[in-house]
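Structure first, then comments.
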Amino acid sequence: MPWLTLTIFLPLAGVLFVLLVPRGNETAARGIALATTILTFAASLGILASFDTNAPGYQLVDQATWVSSIGLKYAVGVDGISLFLVLLTTFLFVIAVLASFRETPNVRALMATILALETFVLGTFLSLDLLLFFLFFEATLLPGYLLIAGWGGDRRASAAIKFFIYTMAGSAFLFLAVLFVYFQAHTFDIRVLSHHAFAVSTGRWLFLGFLVAFAVKAPIVPFHAWQPDAYTEAPTGALLILAGVLPKIATYGLLRFNIGLFPEAAQHFRGLIEILALVGIIYGAVVAIVQTDLKRLIAYSSISHVGFIVLGLFAFTQQGVSGSVLYMVNHALSTGLLFVMVGLLYERMRTRDIGRLGGVASVTPKMAALFLVAGLASMGLPGLNNFASEFLVILGTFGANKVWGSIAAVGVLLSAIYFLWAYQRSMHGPLRDEHATASVRDLTRWEYLVIVPVVVVILFLGLYPKPVLERVNPATCRVKLVYQSAPTPLDCGPLPIATAAHGTRGGGWTMYAPLNVRVDGSP
Amino acid sequence: MVSQVNLPPPSSFAPGVMGLMWLVPALPLAGAAINLFFGRRTGRRSGVIATLAVGLSFVVALVLLFGLLGHSSNDRTFVQHLWSWVPVGALQVGIDLRVDPLSIVMMLVVTGVGALIHLYSIGYMEGDPREARFFGELNLFVAFMLLLVMADNFLLLYLGWEGVGLCSYLLIGHYFERPSAAAAAKKAFIVTRVGDAAMLVGIALIFVTFGSLNFGQTIGATNPAGKSLPVFTAIALLLLAGAVGKSAQIPLQVWLADAMEGPTPVSALIHAATMVTAGVYLVVRTHVFFEVSGTALTVVLVIGVLTALYGATSALGQDDIKRVLAYSTMSQIGYMFFAAGLKAYSIAIFLLVVHAFYKALLFMGAGSIMHALHDETDLKKMGGLRKAMPITFATFVVGWLCIAGIPPLSGFFAKDEILAVADHTGRVFAWSVALLAAFFSALYLSRIVFLAFFGPLRHDTDPHESPKVMTVPMVVLAVLAVFGGVLGLTELNGVLPKFLEPVTGPVPEATGGLSTPVLIAISIVVALVGIGVGWLIWGSGRIDWVALRSRFRRTHATLEHGWWFDSVYGAVLVAPGKAGAAFAAYVVDRRWVDGFGNLVAKGFGVSSNLLRHLGNGMVRRYALFFLVGVVGVLWYLAARA
Amino acid sequence: MKTPISYFLILSAVLFAIGTAGVLVRKSALVIFMSVELQLNAVNLSLIAFGRMHGDLQGQVLAFFSMVVAAAEVVVGLAIIVAMYHRRRSANVDDANLLKW
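Residue numbers (my numbering), protein chains in the order written: chain A, 1 to 523; chain B, 1001 to 1641; chain C, 2001 to 2101.
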């Protein structure tokens, strides 16, 4: 089975079916969209089933020549890094369609847009061809724009335009860089490109070109100005994708292209990026503290989380990189759930303003409890999903540079401050009079259907992330191969400690060699 | 897989009973799941379910204890690997449970005292609309606490560590409609998380230093010769930061008094008997780091002594009976840190155990009083409860005498041994400070006893004794508090110190100082003086303590506000922090970052505003431009040719 | 004797200049249109003149093309003018200034 191609294009087929539905038959449109996403998810499980855990390279490759004159190929393949991003995408799209069921008007168009977006996102993660990647990457912009502009909040027009223009401005650099790569290497094939040695200065310029595009899309501070507006205005279902999946395209690109293709430049600019990431971690969290709109607050917290992801990628230790890949998955789940909960809250209270909320937990205890679960996951409570990745990133960064690692840990504290303070003011305390009269219902069965799957995955990944990590690890080790010319290779091997696994206290001191974690190249 | 650590590794698998250790945290976890997910169906039965879960867990822990005793004292470490948790490269962290003398003691305290408090809660929480949720969270707490003390690696310990913090947050905020409770819950979580963040860095440093997070390869493998001393000091101090936060020691002690907003059983279980002592457990568990460092050990000692005195004095200024007990808890944990700082780890654990008995008992007594007086916590409005509540009174007296340090009650032995070690190892100044704290300890509890149980009734209700389901646990704990001293009759040869020795090492031997009988005499005299002064002020009726208070208004206010720590933190940290965040959000983000984007947009706007006048809709003007353009191009071409 | 090519070209240039001036200064869309036709015919004239000079038919062929295109253009253009007149009761191009900023 060509699982990858099937997974990528199933949603596009769904678009056709949705458009064939007669106008006005909204239930059918929703049903088709849901069925399509579920089928796509099933197809992605097919990828997982046929994935070889221990193989480090690209697997399940499908390829065909597309435009032979410029060597443009349709080539898709999956490795440990993209595997779970794909699964995450197909999973979250099911949830996103479910969460968009109540969205009106123009249901057909909404569903078609969401499905189209799914194809583009999946294509981005799976492309083995740089130009194909670029096309998919750019294509995600349009549905993203439509979702905000078409079904967003009151200030959707300006938010959508801001989103579009900022991202487009970044993409201009990406386009130039992609073309330039072709003129240098005469191929778009990522597998070939990763062995191509670019001249030092060329590599650095190209690195910057890719970086700008991804920095805007992720977003990395200070390129984030579009993000709080876009997230605040976007409808809940779309937000799952917009805030959950789309930033991962950028961080995935950072790992696959910036680090994978230009290792020397990555090494060269590492300090700069790590500092930007650290600034993002602290800055996003600090700004989140004083936000009054819950959605904006989560948007800024997302900036902080993206900072962690970038930090781990450029730590260049295996814990850092694997942790980042895991973090990409986890952040989408926890932030997605948070946005869903805020969406439900808004439906009931007609406000997201923390100052006008209060005491919600006493009327809708279950909703408040699940909101807390989402928040705790997002602030990295051990046992929930984010913790393992956050710890790995901090640990990996710490192994590379103790100061950076320590600063990142401050983010752990700040996340508790902004979330718990907001939770206290909105959920705790006495119920405000203006809400006391409104008939507010706790979660319905239907809403559980949206929330429970996410919570289950959050718990599972919190207690047993091993299935993910054991597939990610070989792939992140492969990054090391690309890196061999760079001064700080990832450490992938087993612990260089040969002695017995069990130390003793009574039986004298056992000597253990220090771990081979290098600080800035020194052994 | 269960392996016995001290034997040569893979050959040894623990027989039989030790394999049950996973049940100890699993049972309360199951109880929590039942009560949290099916709360509406469990209803009134939730308390019974929760109590049974913890009770069964206690039974399993007892079985494990006997299993442990069946091995020789050097073979008492068992590790059970449940599943692999976070495996990346050199980092291989599993969900690994460990049973050794130290953890079994903690497990027994947590499940034993925990079960009694659960039982008590059935009576105390009766009629609460969120009863099932309360018991679910209480069970969840016990499960996390057990993970904390049973963890075999630092990451799992951290999981338990944060988990108990979460449950503490949830339970303090049980009455979340009260703004003060909501604020206290948040404060508790955030203040402890300050320490936790540092602890996380410490864990990272441990991994970088040792290449592992398992206790066996880190604590068990510390080799001072191979590593530089500052690393150990750094590790120890970072872990200590976590311990200080969790155990409410200076400078992170500010959350504990506010945490009394939670239901009283919560205060008894979490904020007296178990969670707050986790810091002591951590220091004792990782004492190797502290000892190698030396400096860190001194820091522990100083923090302990200071907090002992701080808590004991601040307790004097509180009118809320629970806040008195909260400060008392800080003070007592200060003693435990003090003991750890003196390398008398087993004595620290000894005090931890007996403190769990008598402090839980005192909180239950306070809860019983509140039960009788419609949730009144103000000492000024109590009085004369001795007759109406005989059982509460009797058990409270046991707790009182324990903290005051009257032989032969358990509190006496624990505290006296700490003071003795301090004197014997030449820490005379610390010893005298601790002695002063002991005096205040006797004083503040005497104050509660005389104000609440003696004198005239200052409350207009008809107090009554609490139901059996509440008094029975109190009586059990009182018996334990009276006889708990047998666990450690002498610091060198007590049952508990001997049992713990394989983990904690022996208590340091005396190198000088006063002889033991003299020290005991001094301790008793100080305790009696404390009680006597207490009686004189609050019990004898000869001194008008209200007038006394207004005469020393300043002093009283200082003590009442816990030496103004909250105000200072508010002014130095919170207010500037909020201002900084506001600056970042409204100036940096909105004006600068967003402003830059808007500036670029405005630049395009201005320039296009200028250019747009060229396109005024006059077709003939367009034609003229066209002509000019064509002529220009032709001119250029002609000129080039 | 053949008429020199320059005669034709000068005539063509004069016609073109008249046409251009007409486009630029007249307000009536119809007159502008006629001026455009004048320009086209000026170009046609030079095409034919060049064809005659080279002694082949290429110039004439091109002129025919140009006339066909011009005819098509007249159809579209007149239709627009008529439509505009229907709407605005005016064929003055200055009144048709909607296409701006």
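Where a beta carbon is used, it is the ideal one built from N, C-alpha and C, also for glycine. Only a predicted model underlies this, so the values are computations on that prediction, with no experimental measurement involved.
In whole angstroms, give me the CA-to-CA distance for residue i and residue j.
i, j, result
"A/VAL598", "A/VAL18", "No answer is possible for residue 598 of chain A: it lies beyond the span of chain A, which begins at 1 and ends at 523."
"A/TYR166", "B/ARG1591", "17 Å"
"B/ILE1333", "B/ALA1442", "16 Å"
"B/ARG1285", "B/VAL1149", "9 Å"
"A/LEU345", "B/ASP1320", "37 Å"
"A/PHE9", "B/ALA1236", "55 Å"
"B/THR1425", "B/SER1228", "27 Å"
"A/PHE91", "A/ALA332", "11 Å"
"B/ALA1481", "B/HIS1271", "18 Å"
"B/ARG1621", "A/TRP226", "40 Å"
"A/GLY375", "A/LYS366", "14 Å"
"B/THR1377", "B/TYR1444", "16 Å"
"C/ALA2096", "A/SER304", "54 Å"
"A/GLY343", "A/ALA96", "12 Å"
"B/LEU1536", "B/MET1260", "29 Å"
"B/LEU1489", "B/LYS1498", "11 Å"
"B/MET1382", "B/SER1368", "13 Å"
"A/ALA299", "A/THR232", "7 Å"
Who does residue i pair with in a DSSP beta bridge?
i, result
"B/HIS1081", "B/ASP1096"
"A/SER127", "A/VAL76"
"B/ALA1151", "B/LEU1097"
Beta-carbon of residue i versus every beta-carbon of chain B: anything under 7 Å?
i, result
"C/VAL2023", "yes"
"C/VAL2093", "yes"
"A/LEU313", "no"
"A/LYS466", "yes"
"A/HIS428", "yes"
"A/VAL310", "no"
"A/ILE600", "Not covered by the structure: residue 600 of chain A. The range shown for chain A is 1 to 523."
"A/PHE198", "no"
"A/ILE289", "yes"
Just curious, the beta strand (DSSP E) that residue i is in, first and last residue?
i, result
"A/THR65", "59-67"
By the DSSP assignment, the alpha helix (DSSP H) with residue i in it spans what residues?
i, result
"C/VAL2076", "2058-2088"
"B/LEU1119", "1101-1124"
"B/GLU1465", "It is not in any alpha helix (DSSP H) - B/GLU1465 carries neither H nor E in the DSSP assignment."
"B/SER1212", "That residue, B/SER1212, is in no alpha helix (DSSP H); it is neither H nor E in DSSP."
"B/TRP1538", "Looking at the DSSP string, B/TRP1538 is not in any alpha helix (DSSP H), and its letter there is neither H nor E."
"A/ASN386", "385-400"
"A/TRP226", "226-233"
"A/LEU45", "26-49"
"C/GLN2039", "2029-2054"
"B/LYS1343", "Premise fails: B/LYS1343 is in no alpha helix (DSSP H) and is neither H nor E."
Counting contacts by CB-CB distance shorter than 7 Å, is residue i in contact with chain A?
i, result
"B/ASP1320", "no"
"B/VAL1254", "no"
"B/LEU1140", "no"
"B/GLU1501", "no"
"B/LYS1186", "yes"
Please confirm whether any heavy atom of the ligand HEM lies closer than 6 Å to the CB of residue i.
i, result
"C/ILE2005", "Absence of the ligand HEM from the depicted structure is noted, as is the absence of any ligand whatsoever, leaving it without description."
Is the CB of residue i under 7 Å away from at least one CB in chain C?
i, result
"B/GLY1603", "no"
"B/VAL1572", "no"
"B/VAL1619", "yes"
Query - Complete alpha helix (DSSP H) runs within the segment 138-183 of chain A (minimum length 4 residues, chain order) - result: 141-151
Query raised in the report: Where in the segment 1290-1328 of chain B do unbroken runs of the alpha helix (DSSP H), each at least 4 residues long, occur, reported from the N-terminal end onward?
Result: 1295-1316
Requested in this report: Return the chain-ordered ranges of every alpha helix (DSSP H) run that is complete within the segment 328-372 of chain A and spans a minimum of 4 residues.
Outcome: 360-363
Query raised in the report: Hey, which unbroken runs of the beta strand (DSSP E) at 3 residues or more fall wholly within the segment 1224-1258 of chain B?
Result: none
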